[in-house]
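See structure below.
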Amino acid sequence: MRNVIMSLVALFGLVTIVRPALAETTALSTPPALVAPMSPDQLNAFGLRMANEAYAIMGQVGSPKGQIGGSPNQFNKNAVKNAKTLFDDAALIQNARLNYGLTKTTFRPTDIDDTIISDMVVNRGADDVLVLAFNARQPNRADLGNATLMSGEIKPRLVVVRWNSQKKRWLVISSADFDTPKQAVCAVKPTHPEKRAHFKAADVALAKTIFEQLQDASFAGTEKSVQAPGFTYVLADGQRKTQDGPVRNKLQHRQTPKNVEAIRSGNLLVFRIDVASALTVDGQPQHSAEKPRLITMIQDEDGKWRMLAIGIFHVPASLAAGTPCVQPTVK
40 MRNVIMSLVA LFGLVTIVRP ALAETTALST PPALVAPMSP DQLNAFGLRM
90 ANEAYAIMGQ VGSPKGQIGG SPNQFNKNAV KNAKTLFDDA ALIQNARLNY
140 GLTKTTFRPT DIDDTIISDM VVNRGADDVL VLAFNARQPN RADLGNATLM
190 SGEIKPRLVV VRWNSQKKRW LVISSADFDT PKQAVCAVKP THPEKRAHFK
240 AADVALAKTI FEQLQDASFA GTEKSVQAPG FTYVLADGQR KTQDGPVRNK
290 LQHRQTPKNV EAIRSGNLLV FRIDVASALT VDGQPQHSAE KPRLITMIQD
340 EDGKWRMLAI GIFHVPASLA AGTPCVQPTV K
């Protein structure tokens, strides 16, 4: 009889059996030891998971999905703070709309709805360093601080992440975001642009020295000697190098970098410069306009600095004259 009663109780939902939830390891919290044995395809899938998790956190900033304009998320007061936790304290961020770099402190997250990621390729720079090259489309993305709506088109990204053993998480150490402004948001008063960060003179001097060494290697035809395992580059038009192969980029003449900014953290150095492009790709000259480059270097066991990732930009001077503004759909 007791068994019958218990069966009826369970059947009608009078008893709820609670089982402890299993802790789920996210991609962002997966330690390097579990990443090391991954095949290239598994590593690419892991990078896709990592990017989707990061953009889900970033997507909490701004107006509700499908709406344009407005203000930072009023329901989640920690949205901006949570977005910033994705970045290393020594991160350097280059956006296509700026001719200077942003740090974790000066970076201002944008209003993002969905993020559609494609063509993810992940390379290992070291046991605790990964390079992610991918394309992303972010409809209705708005930079509210400058009252601009971004392109909404498929644009490349180049992101370097490093494992932080204290926070037990992969954090962004450099980010090249090639998305460009398209329209202004009507009736949204622009605020002050992101502040310029201050950088250590020693880091800037090291960056200048390294850039000269990179040019020397290009003219000597020894480019591969200054390339680290997993070396990746991305150009603004979407061309990229994600695997070892022939040297496709050549310098036509020596360049003098401007606006050099740099951050060193252990065996990683990230710096950005403005230079007029003197590159040829597969023998074809590139646009000569001055543009930023975001360069991530890694210091190997032999003490030499080698290129890990390079993002080469073109920065629009301003929004096209006469472009109509887009009406905000949320106040």
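To convert a position in the sequence shown, counted from 1, into the numbering used here, add 39.
Here a beta-carbon is modelled for each residue, glycine too, at the ideal position from N, C-alpha and C.
Report, in whole angstroms, the separation of the C-beta atoms of residue i and residue j, which I expect to be a contact under 8 Å.
| i | j | result |
| --- | --- | --- |
| alanine 181 | aspartate 153 | Not really, about 13 Å apart at Cβ, beyond 8 Å. |
| leucine 169 | valine 160 | Not really, about 11 Å apart at Cβ, beyond 8 Å. |
| isoleucine 107 | proline 367 | 5 Å |
| methionine 346 | leucine 308 | Not really, about 10 Å apart at Cβ, beyond 8 Å. |
| alanine 275 | phenylalanine 352 | 5 Å |
| isoleucine 156 | phenylalanine 173 | 6 Å |
| asparagine 134 | leucine 141 | 7 Å |
| isoleucine 212 | alanine 122 | 16 Å between Cβ atoms; not a contact. |
| glycine 269 | arginine 163 | 5 Å |
| alanine 328 | alanine 315 | 7 Å |
| alanine 93 | leucine 67 | 7 Å |
| glutamine 252 | valine 265 | 7 Å |
| leucine 171 | alanine 90 | 7 Å |
| tryptophan 202 | aspartate 167 | 4 Å |
Counting C-beta neighbours from all protein chains within 10 Å, is the total for residue i 16 or more, i.e. buried, or is it exposed?
| i | result |
| --- | --- |
| leucine 61 | Residue placement at leucine 61 is poorly supported in this model, since its pLDDT is 35, which falls under 50; the coordinates are not used for a value here. |
| proline 148 | buried |
| lysine 143 | buried |
| threonine 281 | buried |
| leucine 131 | buried |
| asparagine 185 | buried |
| methionine 40 | Here methionine 40 scores only 46 on pLDDT, less than 50, and its place in the model should not be relied on; the value that follows carries that caveat. Exposed: under 16 other Cβ atoms inside 10 Å. |
| leucine 50 | Since pLDDT at leucine 50 reaches only 37, below the 50 mark, its modelled position is unreliable, and the value read off the structure follows with that caveat. Per the 10 Å Cβ criterion, exposed. |
| methionine 45 | Note that methionine 45 has pLDDT 44, beneath the 50 cutoff, so the model's placement of it is unreliable and the number below is only indicative. Flag for methionine 45 reads exposed. |
| glycine 52 | Low confidence applies to glycine 52: its pLDDT is 41, below 50, so where it sits in the model is not reliable, and the reading given next is rough at best. So glycine 52 counts as exposed. |
| glycine 350 | buried |
| phenylalanine 146 | buried |
| threonine 219 | buried |
| glutamate 340 | exposed |
| arginine 58 | The predicted model places arginine 58 with a pLDDT of 35, which falls under 50 and marks its position as unreliable; any figure quoted below should be read in that light. Exposed, by the Cβ-count rule. |
| alanine 259 | exposed |
| aspartate 255 | exposed |
| glutamine 222 | buried |
| lysine 120 | exposed |
Name, in chain order, the residues that DSSP records as bridge partners for residue i.
| i | result |
| --- | --- |
| lysine 280 | Tyr272 |
| leucine 374 | Here the chain covers residues 40 to 370 and nothing more, so residue 374 does not appear. |
| asparagine 162 | Val170 |
| glycine 350 | Val273 and Leu333 |
| leucine 131 | Ser213 |
| glutamine 266 | Met346 |
| valine 365 | Val224 |
| arginine 176 | Ile155 |
| alanine 181 | Asp150 and Leu188 |
Where do the N-terminal and C-terminal ends of the alpha helix (DSSP H) with residue i fall, by residue?
| i | result |
| --- | --- |
| glutamate 329 | No alpha helix (DSSP H) contains glutamate 329, which is instead part of the beta strand (DSSP E) from 329 to 338. |
| isoleucine 249 | 240 to 259 |
| leucine 82 | 79 to 97 |
| leucine 73 | 71 to 74 |
Sort the options by Cα distance to residue i and report the nearest one.
| i | options | result |
| --- | --- | --- |
| lysine 104 | Gln222, Pro268, Asn179 and Lys207 | Asn179 |
| glycine 305 | Pro268, Val299, Trp344 and Gln133 | Trp344 |
| asparagine 138 | Gln338, Asp341, Phe310 and Lys330 | Lys330 |
| phenylalanine 238 | Arg311, Asp339 and Thr69 | Arg311 |
| alanine 72 | Leu125, Thr295, Val119 and Ala165 | Ala165 |
| valine 365 | Ser190, Ala256 and Lys247 | Ser190 |
| lysine 116 | Val100, Leu197 and Val299 | Val100 |
| aspartate 158 | Phe146, Asp167 and Ala175 | Ala175 |
| threonine 65 | Ser102, Gly342 and Trp209 | Trp209 |
| lysine 224 | Gln205, Val199, Thr187 and Ser204 | In the sequence under discussion, the amino acid at residue 224 is valine, which differs from the lysine named in the question. For valine 224, the nearest C-alpha among the options comes from Thr187. |
| glycine 277 | Pro195, Ser78, Asp218 and Lys206 | Pro195 |
| lysine 297 | Val265, Val198, Lys234 and Asp313 | Asp313 |
| alanine 244 | Gly269, Glu300, Phe270 and Ser213 | Glu300 |
| lysine 247 | Ala84, Leu171, Gln294 and Ala328 | Gln294 |
| arginine 136 | Ser257, Val265, Pro232 and Gln254 | Pro232 |
| serine 214 | Val198, Arg303 and Lys206 | Val198 |
| glutamine 205 | Ser257, Asp127 and Gln338 | Asp127 |
| alanine 267 | Gln338, Gln81, Val119 and Thr69 | Gln338 |
| threonine 271 | Gln177, Ala118 and Ile334 | Ile334 |
| threonine 69 | Asp80, Arg88, Arg332 and Ser78 | Arg88 |
| arginine 332 | Phe217, Lys263, Arg303 and Met77 | Phe217 |
| alanine 240 | Ser257, Lys234, Thr261 and Arg303 | Arg303 |
Could you spell out the range, first to last residue, of the beta strand (DSSP E) harbouring residue i?
| i | result |
| --- | --- |
| valine 199 | 194 to 203 |
| asparagine 121 | No beta strand (DSSP E) contains asparagine 121, which is instead part of the alpha helix (DSSP H) from 118 to 123. |
| glutamate 300 | 297 to 304 |
| phenylalanine 310 | 307 to 315 |
| alanine 215 | 208 to 216 |
| threonine 187 | 187 to 189 |
Using a C-beta cutoff of 8 Å, does residue i count as contacting chain B?
| i | result |
| --- | --- |
| aspartate 341 | Any reference to chain B falls outside this structure, which holds one protein chain only. |
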